[in-house]
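In what follows, a structure is listed as structure tokens, so that the remarks can point back to it.
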Amino acid sequence: MPKPTGPTNPSVIRLINLLEKSARVNGAKIWKRVADIIRKPRRKRVAVNVWKIGKYAQEASAVVVPGVVLGYGRLDKPVTVAALKVSPKAKEKIIEAGGKVISIEDLIKENPRGSGVRIIV
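So the sequence shown is residues -18 to 102, counted in this note's numbering.
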């Protein structure tokens, strides 16, 4: 029997199910796309540095990272960041810039239709 290639962590599986349900109920394709990215094996997951968030995010906008956020670089605008995992240094830099770090579940509750949210990979 082959080894599973997707996530085996129960909380990640629950998050994928929540994203897909939210995409169906609210007609928001963004959540389906995020679920598809998170479903990949962990070795193929996204790692995004803070500088990339600063480069592609609008000021006072929301960004979802379907992977881990790392602390390399600078961020000079307030951005709401939702990710699977955020390093302590990245969290510190985001808060210093006036932004906030939340979970993907909280972002779905705040913005169920996904309007104005960018996916950074």
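Note that beta-carbon positions come from the ideal geometry of N, C-alpha and C, so glycine has one too.
Return the CA-CA distance between residue i and residue j, expressed in angstroms with no decimal places.
i	j	result
Asn30	Lys90	25 Å
Ser68	Ala9	28 Å
Ile34	Met(-18)	40 Å
Gln39	Lys(-16)	41 Å
Val27	Lys2	22 Å
Arg94	Trp12	9 Å
Buried or exposed: where does residue i fall if 16 or more other Cβ atoms within 10 Å of its Cβ makes it buried?
i	result
Asn92	buried
Lys74	buried
Ala41	exposed
Val6	exposed
Leu22	It is worth fixing the name first, because residue 22 is Pro in this sequence and not Leu. With fewer than 16 Cβ atoms within 10 Å of its Cβ, Pro22 is classed as exposed.
If you follow the alpha helix (DSSP H) that residue i is in, where does it begin and where does it stop?
i	result
Asn7	Pro(-9) to Asn7
Lys21	Lys21 -> no alpha helix (DSSP H), and no H or E assigned at all.
In the DSSP assignment, what are the bridge partners of residue i?
i	result
Asn30	Leu51
Arg99	Val44
Val82	Val62
Any chance the CB of residue i is under 7 Å from a heavy atom of the ligand MG?
i	result
Ala4	As far as ligands go, the structure on display features none, and thus does not contain the ligand MG.
Residue range of the beta strand (DSSP E) that residue i falls in?
i	result
Leu56	First-last for Leu56: undefined, no H or E at that position.
Original post:
With contact counted as at least three CB pairs below 8 Å, one residue from each stretch, are the stretch 47 to 61 and the stretch 78 to 86 in contact?
Top reply: Enough Cβ pairs lie closer than 8 Å, so yes.
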